[in-house]
Amino acid sequence: MCGIIGYAGTEEACPILLDGLERLEYRGYDSTGLALFTKDGGLLRLRAAGRLSALRRCVTQRLEQGADLHGNAGLGHTRWATHGAPTKENAHPHRSQEGKYTVVHNGIIENYAKLRGELEAAGIRFASQTDTEVIAHLLEQLDTGNPLETLRRALPRLEGSYALGVLYHAQPGTLYCARRQSPLLAASCVRGVLLASDAAAILPFTRTMFRLEDGEMAQLHANGAIFFFDAQGRALQKAATEIARHTTAADKGGYVHFMRKEIAEQPECLARTLAPLLSGGEIHLGESEAALENPGGIRRVLFLGCGSAHHAGITGRMLVEELSGIPASAELASEFRSAATAVDRHTLAVIISQSGETADSLQALRLAKEKGARTLSVINVEGSSIAAESGSVLYTRAGLEVAVATTKAYSAQLAALCALAARLGALRGQDPARLRDFVRSLAALPELAREVLADTEATAHAWAQELQSVQHAYFLGRNLDYATAMESALKLKEISYIHAEAYAAGELKHGTLSLIEPGTPVVALCCRPEVIPKTLGNAQEALARGAKLFCVTNRQNPLPERCLTLPPCHPLLVASLAVLPMQLLAYHCADLRGCDVDKPRSLAKSVTVE
Ligand code: AGP
Numbered sequence: 006m007c008g009i010i011g012y013a014g015t016e017e018a019c020p021i022l023l024d025g026l027e028r029l030e031y032r033g034y035d036s037t038g039l040a041l042f043t044k045d046g047g048l049l050r051l052r053a054a055g056r057l058s059a060l061r062r063c064v065t066q067r068l069e070q071g072a073d074l075h076g077n078a079g080l081g082h083t084r085w086a087t088h089g090a091p092t093k094e095n096a097h098p099h100r101s102q103e104g105k106y107t108v109v110h111n112g113i114i115e116n117y118a119k120l121r122g123e124l125e126a127a128g129i130r131f132a133s134q135t136d137t138e139v140i141a142h143l144l145e146q147l148d149t150g151n152p153l154e155t156l157r158r159a160l161p162r163l164e165g166s167y168a169l170g171v172l173y174h175a176q177p178g179t180l181y182c183a184r185r186q187s188p189l190l191a192a193s194c195v196r197g198v199l200l201a202s203d204a205a206a207i208l209p210f211t212r213t214m215f216r217l218e219d220g221e222m223a224q225l226h227a228n229g230a231i232f233f234f235d236a237q238g239r240a241l242q243k244a245a246t247e248i249a250r251h252t253t254a255a256d257k258g259g260y261v262h263f264m265r266k267e268i269a270e271q272p273e274c275l276a277r278t279l280a281p282l283l284s285g286g287e288i289h290l291g292e293s294e295a296a297l298e299n300p301g302g303i304r305r306v307l308f309l310g311c312g313s314a315h316h317a318g319i320t321g322r323m324l325v326e327e328l329s330g331i332p333a334s335a336e337l338a339s340e341f342r343s344a345a346t347a348v349d350r351h352t353l354a355v356i357i358s359q360s361g362e363t364a365d366s367l368q369a370l371r372l373a374k375e376k377g378a379r380t381l382s383v384i385n386v387e388g389s390s391i392a393a394e395s396g397s398v399l400y401t402r403a404g405l406e407v408a409v410a411t412t413k414a415y416s417a418q419l420a421a422l423c424a425l426a427a428r429l430g431a432l433r434g435q436d437p438a439r440l441r442d443f444v445r446s447l448a449a450l451p452e453l454a455r456e457v458l459a460d461t462e463a464t465a466h467a468w469a470q471e472l473q474s475v476q477h478a479y480f481l482g483r484n485l486d487y488a489t490a491m492e493s494a495l496k497l498k499e500i501s502y503i504h505a506e507a508y509a510a511g512e513l514k515h516g517t518l519s520l521i522e523p524g525t526p527v528v529a530l531c532c533r534p535e536v537i538p539k540t541l542g543n544a545q546e547a548l549a550r551g552a553k554l555f556c557v558t559n560r561q562n563p564l565p566e567r568c569l570t571l572p573p574c575h576p577l578l579v580a581s582l583a584v585l586p587m588q589l590l591a592y593h594c595a596d597l598r599g600c601d602v603d604k605p606r607s608l609a610k611s612v613t614v615e
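Quick note: the sequence shown uses our numbering, first residue 6, plus one each step.
Given below as structure tokens:
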């Protein structure tokens, strides 16, 4: 999941590429680079290991050395390493041996080793360990003098995924691009043409853009003209996408980190997500209901997603079964793709994804469709690939989420899934009074969330001071609290690098209890009223082995240990509230440990490789 930006037009390309990379850096940030057509017709390449700031320093140094970085066309890239360490040599753009082709790439070329062997046998000397460099040399080997024809010949030789930006040495004002699975957008405006791996880099220029579909190629001219082609090289007419909301790159709004700002935004995000769905004490999903037609024909709901989105799916599964009575399950998208999960036209597949570009989730969507399922996706980024390919879309309205660790988008997913479960219940004739009571509580969730965030930060920070130096932590819960435990463990480990595990509270004694030693931190989520007594019993078992116990509950001080008390709420909304102090706990732990809260090592915001 790298970030790609290309520009050709009337303005200086270098600052545009650097600003574009700034907007894309959250996609991957272990090395960066750019290639510029300079005024003298040359193709200058600058690359640096590390964050974008290193590339900016490199540009400054070259300018101070008198380099001429004027030019109106070029490509930029910010990398999340897949093949080869994050070094300058492995940074994109990559160049063919004679310099005819310069390439930036997002994706994985699965047969790169075979192609590399063939190219080396033909005398090509590689300068990097990347799969991407293979593409540059292959293009040069197949070069016909017409880059589009050369791409048409070369692309079928590649197995795997790609979003490609390509410069051809003899065409200084022209960009080429091609897409298979990894997202790629193209746009034209008065200032020129752009290509990018997501809308954030294009929005400062225009909200009208074109999404390339698998197999498509495009030729973008500095005069603003864009030509699209299919895999056979035939001209295509494409409809533009209008990105309705101006999701400009956020600023931190006075907070030290984007993550802390996004945690604080959650009450507004919940309200924005729920507002279009609530009417007259009921839930209506508008055009998202296309997938719910003939509700009697839905015999199963299958939630698919990765990471936090999977935890939202586990929560959604419980909500759907409790509110609608429809059997439901949640599977990891990456696992679903190789499983023999029974899916047919009676299955409603719900794909959950903040970015709408996660490769595993996109492929799981395609597989569910192939198997005949109706598809509804719960998405935060408008115009994303999963949204474009789903039968219907239920948008979370969390706004641009920059921090790699999701918070506001996750909470908005839970709220959207509450609404979906309630709507399915209503369509299936479930008890109207019970549903109205739930919907009334759901409508009050934003204010409750505001209260929880205000009332729990001090305790979460105090707990973080106790946890900041531990190496392991365990989160326990049952039912909805178990889903919250999973999300809490992921939040803590992905940004503070403390090893954290979530356990079904009843499972601890079946093995993992042997790891609990005096002082081992155990966080017990005790919020679902029906199961609090059992979870407290499991917490006592850990306590008896010397655990340092932290209890999150909406009961009054059930244990003498550290207790964080939440306001009472509808039992089916406990997951939406309990996760909030856990986000704060993870945030403060990471901050106290001096970690890069917004850009944790080795991660990226949108995982567009499988
Ligand atoms: C969440 O904090 C993680 N950054 C990660 O697990 C994320 O939820 C996962 O990669 C799925 O991303 P998506 O929602 O954009 O599909």
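Even glycine gets a Cβ: it sits at the ideal position worked out from N, Cα and C.
| Asked | Found |
| --- | --- |
| To which residues of the same chain is A505 closer than 8 Å at the C-beta, ignoring the five residues directly before and after it? | H477, A478, Y479, F480, S493, A494, L495, L497, K498 |
| Using the Cα positions of T149 and A175, report the straight-line distance between them to the nearest angstrom. | 12 Å |
| Please list, in chain order, all residues of the same chain as G318 whose beta carbon is under 6 Å from its beta carbon, the five residues on each side excluded. | F308, G310, A335, I357 |
| Based on Cα-Cα distance, which residue from L447, H316, P188, Q186 lies nearest to S284? | L447 |
| Keeping to the same chain, check which residues put their C-beta closer than 8 Å to that of R371; ignore five residues upstream and five downstream. | E394 |
| When burial is assigned at 16 or more other CB atoms within 10 Å of the CB, is D486 buried or exposed? | buried |
| Using a threshold of 9 Å, state whether the C-beta atoms of L144 and A40 are closer than that. | no |
| Compute every distance between the C-beta of K496 and the non-hydrogen atoms of the ligand AGP, then say whether any falls below 8 Å. | yes |
| Kindly indicate which three-state DSSP category A463 falls into: helix, strand or coil? | helix |
| Please tell me whether, using a cut-off of 8 Å, the distance from the CB of A421 to the nearest non-hydrogen atom of the ligand AGP is below it. | no |
| Going by DSSP, what residues sit across from F42 in a beta bridge? | L48, A78 |
| So, with DSSP's three-state summary, where would you put R439? | helix |
| Kindly list the residues whose CB is nearer than 6 Å to the CB of T92, restricted to its own chain and excluding five residues on each side of it in sequence; keep chain order. | A54 |
| Going along the chain, which unbroken runs of the alpha helix (DSSP H) with 4 or more residues stay wholly within the segment 450-498? | 450-472 |
| DSSP three-state call for H278: helix, strand or coil? | The question names His, but residue 278 in the sequence shown is Thr. Helix. |
| Out of A127, F555, L80, A269, which has the shortest C-alpha to C-alpha gap to H110? | L80 |
| For E406, which residues of its own chain have a beta-carbon under 7 Å away from its beta-carbon, when the five flanking residues on both sides are left out? | E267, Q359, N385, K413, A414 |
| Compute the distance between the beta-carbons of R52 and S36, then report whether it is under 9 Å. | yes |
| Quick test of your reading: R342 and D365, contact by CB under 8 Å. State the CB separation rounded to the nearest angstrom. | 7 Å |
| Just checking, does the segment 8-16 make contact with the segment 186-197 on the three C-beta pairs under 8 Å criterion? | yes |
| How should V602 be labelled, buried or exposed, when 16 other C-beta atoms within 10 angstroms of its C-beta is the threshold for buried? | buried |
| Can you tell me whether DSSP reads M323 as helix, strand or coil? | helix |
| Are three or more beta carbon pairs between the segment 453-471 and the segment 584-602 nearer than 8 Å? | yes |
| Can you tell me which of E362, A427, I537, L49 puts its alpha carbon nearest to the alpha carbon of T558? | I537 |
| Identify which residue in L156, A127, P161, R100 has its Cα closest to the Cα of T137. | R100 |
| Could you say which of Q470, T65, N77 lies nearest to N228 if we only look at CA atoms? | N77 |
| Kindly indicate which three-state DSSP category S343 falls into: helix, strand or coil? | coil |
| Can you tell me where the alpha helix (DSSP H) with V579 in it begins and where it stops? | 579-597 |
| In whole angstroms, what separates the C-alpha of E535 from that of N484? | 9 Å |
| For L200 and T65, what's the separation of their Cα atoms in angstroms? | 25 Å |
| Say whether the segment 511-525 touches the segment 426-444, bearing in mind that this needs 3 or more beta-carbon pairs closer than 8 Å, one atom from each stretch. | no |
| Would you call S390 buried or exposed, if buried means 16 or more other Cβ atoms sit within 10 Å of its Cβ? | buried |
| May I have the straight-line CA-CA distance separating L530 from Y508, to the nearest angstrom? | 11 Å |
| Sorted by chain position, which residues of the same chain lie with C-beta nearer than 6 Å to D24's C-beta, five sequence neighbours on each side aside? | none |
| Quick check on the DSSP output: what are the complete alpha helix (DSSP H) runs of length 4 or more inside the segment 220-275, in order along the chain? | 263-269 |
| Can you tell me whether H110 is helix, strand or coil according to DSSP? | strand |
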